[in-house]
Amino acid sequence: MSLELIKEYLEVDQEIKRFTTQTIIEENVIVPDYKPDMDKVLSIRGAIHVNNKVIEGNKFFIEGIVDFKILYESLNEGIRLQYFNMEVPFSHWVEAEEEGDIQGIIQTRMEYIDHELINGRKLNIRGVLGIQGKFTRREQVPALTGIKGLEDIQSLPNWVKITTIGEKINEQTMVMEEVVLEDMPPVLEIIKVSGKILENDIKLVEGKIMINGSLEVGIIYIGEGEEEQEVKYVEYKLPFGHFIENPSILSEMEYQLSLNLKEILTQVKTNQEGIFNTIQIEGIVDIRGTLYKDYEIETIVDAYSPSVQISLKKERVNCQEMVLNQNFQTIIKENISTPIGQEGIEDILSMEGFVIITNTQRVTDQWIVEGVVEIEILYQKFGEEKGFESIREELPFRQGLDLDVKGEVYGDVWANIQHMDYQVLNPHEIELKIMLGIQCQLFKPIVFTIINDIEELTEILEEESKEARISVYFKQPDDSLWEIAKRYRITIEDILYQNEIANSENIPDYTPIIISKKDIYKLNG
Numbered sequence: 001m002s003l004e005l006i007k008e009y010l011e012v013d014q015e016i017k018r019f020t021t022q023t024i025i026e027e028n029v030i031v032p033d034y035k036p037d038m039d040k041v042l043s044i045r046g047a048i049h050v051n052n053k054v055i056e057g058n059k060f061f062i063e064g065i066v067d068f069k070i071l072y073e074s075l076n077e078g079i080r081l082q083y084f085n086m087e088v089p090f091s092h093w094v095e096a097e098e099e100g101d102i103q104g105i106i107q108t109r110m111e112y113i114d115h116e117l118i119n120g121r122k123l124n125i126r127g128v129l130g131i132q133g134k135f136t137r138r139e140q141v142p143a144l145t146g147i148k149g150l151e152d153i154q155s156l157p158n159w160v161k162i163t164t165i166g167e168k169i170n171e172q173t174m175v176m177e178e179v180v181l182e183d184m185p186p187v188l189e190i191i192k193v194s195g196k197i198l199e200n201d202i203k204l205v206e207g208k209i210m211i212n213g214s215l216e217v218g219i220i221y222i223g224e225g226e227e228e229q230e231v232k233y234v235e236y237k238l239p240f241g242h243f244i245e246n247p248s249i250l251s252e253m254e255y256q257l258s259l260n261l262k263e264i265l266t267q268v269k270t271n272q273e274g275i276f277n278t279i280q281i282e283g284i285v286d287i288r289g290t291l292y293k294d295y296e297i298e299t300i301v302d303a304y305s306p307s308v309q310i311s312l313k314k315e316r317v318n319c320q321e322m323v324l325n326q327n328f329q330t331i332i333k334e335n336i337s338t339p340i341g342q343e344g345i346e347d348i349l350s351m352e353g354f355v356i357i358t359n360t361q362r363v364t365d366q367w368i369v370e371g372v373v374e375i376e377i378l379y380q381k382f383g384e385e386k387g388f389e390s391i392r393e394e395l396p397f398r399q400g401l402d403l404d405v406k407g408e409v410y411g412d413v414w415a416n417i418q419h420m421d422y423q424v425l426n427p428h429e430i431e432l433k434i435m436l437g438i439q440c441q442l443f444k445p446i447v448f449t450i451i452n453d454i455e456e457l458t459e460i461l462e463e464e465s466k467e468a469r470i471s472v473y474f475k476q477p478d479d480s481l482w483e484i485a486k487r488y489r490i491t492i493e494d495i496l497y498q499n500e501i502a503n504s505e506n507i508p509d510y511t512p513i514i515i516s517k518k519d520i521y522k523l524n525g
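The numbers in my numbering rise by one with no breaks, and the one at position 276 of the sequence shown is 276.
Laid out in structure tokens, this is it:
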């Protein structure tokens, strides 16, 4: 007698490791020849761009650059505010510990930046780059869906629902627009341009992702006033749309997409009267992320035969199911003050910020997200010299998300600043209102058993006792009818019939169950 196993192969993503690591960056930065000497550093920001991620053997290599943006005050007469940027390469590797079809998903952030002004032309920058992420391994799993070749085979089916990575997204799009400075002085020189991407709407349809967002640009420039030159700041929000086409994209897929500004360029143009009041803006946007899809299949996890002794070769499979993918908002309101001894605020020039997630965890029936928003405010101070100062503050936040999921969960969190507003209350105090957008993806571990092979232990000479054997078994609290039937090698239908049980799902504990069967056995030889 030959048994035929009917199998359906599933692609399963197993999370094998989560990691949090750091790498240190230190570099001596030289002021470009065309820029004046530095007197005081006002701001240093670092934008991280990962250019390459590759797994070789059991190591995950990460390479990229940190684009340091340096704003300083010079000793020159006139406009003293100056700016330049410097790209510093970095590389880091993380041990994946296992080999195979490994994929890495990471997030990066600048956790710390410090500096020392060596002289007017040289600046030493030290930074700590934080990297966190996870490794998943893709395997093909043979799920058993049927058994042929034995008439009285008893099989235990189980519905399994798992989540796998469907597609990886890695694309770019360009945002281009000309903006006209209305009721503002003409541009003599652009000092600094900053920007961030806001996601307004992302929609998945069959074969396509439709993205609508906006590029929010802040420009500090030297304007030509009626009596003297002056520093001005303007903000613009440039809407854009982008389509990603791929026949594998399904409307029901869950997703996580990050839109980041990789590069922004500006060019000043004249209007018909020859006035430099038009700025052409070009922004390159990185679109990266992951699409997830669900599989649901009925697979056989156990089997036996009342007439034939069989041996099962089993294997446990570890995978995951996405149980939550939710976007929500939280608002931070805070009053911040100028440092003691620092001159008061005459005019706010710019305000920038970014979010650092410091901790995520489950607390009873909530998923708690904790982090800080690092804010940097550049302002023109009171005084005849028209000097500049900056304020740096860390604003903590804590937000809970209700969970309706039992058992262990783990997850990934992304956050960005969607809107910032402020009001100057007095020369030394600012009222801030910040809206954060947070996305949580939570998974629960799924463990199920697959049957790789079934072996018959005996083959010939079936004998049957002339008298039936009767046993009485008292159902225990953790028993299932399947376990009882398999133990006595009888069918569940026989147990229900012999004991006149109408509802198999509601058998009280310690109920006596009569097992009546004829001994059927096999002999070797």
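We put the CB at the ideal spot given by N, CA and C, even for glycine.
Taking the Cα of Ile131 as reference, the smallest distance to any Cα among Ile275, Glu63, Glu171 is reached at Glu63.
One thing to note: Lys475 has its Cβ no nearer than 7 Å to the Cβ of Thr449. Here Lys196 is bridged, per DSSP, to Glu216. Sixteen is the threshold: when 16 or more other Cβ atoms of the shown chains lie within 10 Å of the Cβ of Arg489, as they do, the residue is buried. Contact between the stretch 350 to 358 and the stretch 370 to 379 is present: 3 or more CB-CB pairs across the two stretches fall below 8 Å. Straight through space, the alpha carbons of Ile191 and Ile279 are spaced by roughly 13 Å.
Under the DSSP assignment, Arg487 falls in the alpha helix (DSSP H) whose first and last residues are 481 to 488. Per DSSP, Leu442 is one residue of the beta strand (DSSP E) stretching across 429 to 456. Phe68 counts as buried, since at least 16 other C-beta atoms from the protein chains shown sit within 10 angstroms of its C-beta.
About 6 Å separates the beta carbons of Glu73 and Phe388, which is inside the 8 Å limit, making them a contact pair. Distance from the Cα of Glu99 is smallest, within the candidate group Leu71, Asn58, Pro89, for Asn58.
Unbroken beta strand (DSSP E) stretches of 3 residues or longer found wholly inside the stretch 257 to 310: 278 to 304, given in chain order. In this model, Ile332 and Glu206 are separated by some 38 Å (Cα to Cα).
By the Cβ test, the stretch 147 to 160 is in contact with the stretch 292 to 306, since at least three Cβ pairs between them sit closer than 8 Å. Taking all protein chains shown into account, Asn506 has fewer than 16 neighbouring C-beta atoms within 10 Å of its C-beta and is therefore exposed. If you look at Tyr233, you'll find it isn't in any alpha helix (DSSP H); it sits in the beta strand (DSSP E) that goes 229 to 245.
Look at Glu493 here: in three-state DSSP terms it is helix.
Among the bridge pairs identified by DSSP, Glu95 is matched with Lys59.
If you ignore the 5 residues before and after Glu171, its C-beta comes within less than 7 Å of the C-beta of Ile244, Ile287, all in its own chain and listed in chain order.
Around the CB of Ala502, fewer than 16 other CB atoms lie within 10 Å, so the residue is classed as exposed. By the neighbour-count criterion, in which 16 or more other beta carbons inside 10 Å mark a residue as buried, Ile297 falls on the exposed side. For Tyr233, the CB contacts under 6 Å within the same chain, skipping 5 residues up- and downstream, are Ile220, Leu349, Ser350 in chain order. Non-local C-beta neighbours of Ile30 in its own chain, meaning closer than 7 Å and more than five positions away in sequence, comprise Arg121, Lys122, ordered along the chain. In the structure shown, the three-state DSSP call for Gln140 is strand.
Comparing C-alpha distances from Asp39 to each of Glu26, Glu4, Leu75, Pro32 shows the shortest one belongs to Leu75. The DSSP-derived three-state label of Gln498 is helix.
Relative to Phe135, the option among Val285, Asn318, Gln103 whose CA is nearest is Gln103. Just so you know, the alpha carbons of Met420 and Ile438 end up roughly 15 Å apart. Close CB contacts of Lys35 within its chain, under the 7 Å cut and outside five residues either way in sequence, are with Gln82, Phe84 (chain order). Between Met174 and Gly283 a beta carbon distance of about 7 Å is seen, short of the 8 Å cut, so the two are scored as contacting. Residue range 4 to 30 is occupied by the beta strand (DSSP E) that includes Phe19.
Per DSSP, Pro508 lies in no beta strand (DSSP E) and is assigned neither H nor E. When the Cα atoms are used, Ile275 and Thr266 turn out to be separated by approximately 17 Å. Rounded to the nearest angstrom, the Cβ distance from Thr164 to Glu11 is 6 Å, consistent with a contact under 8 Å. Assigned with DSSP and collapsed to three states, Leu250 falls in coil, not helix or strand. Per DSSP, the continuous beta strand (DSSP E) segment holding Gly411 begins and ends at 410 to 426.
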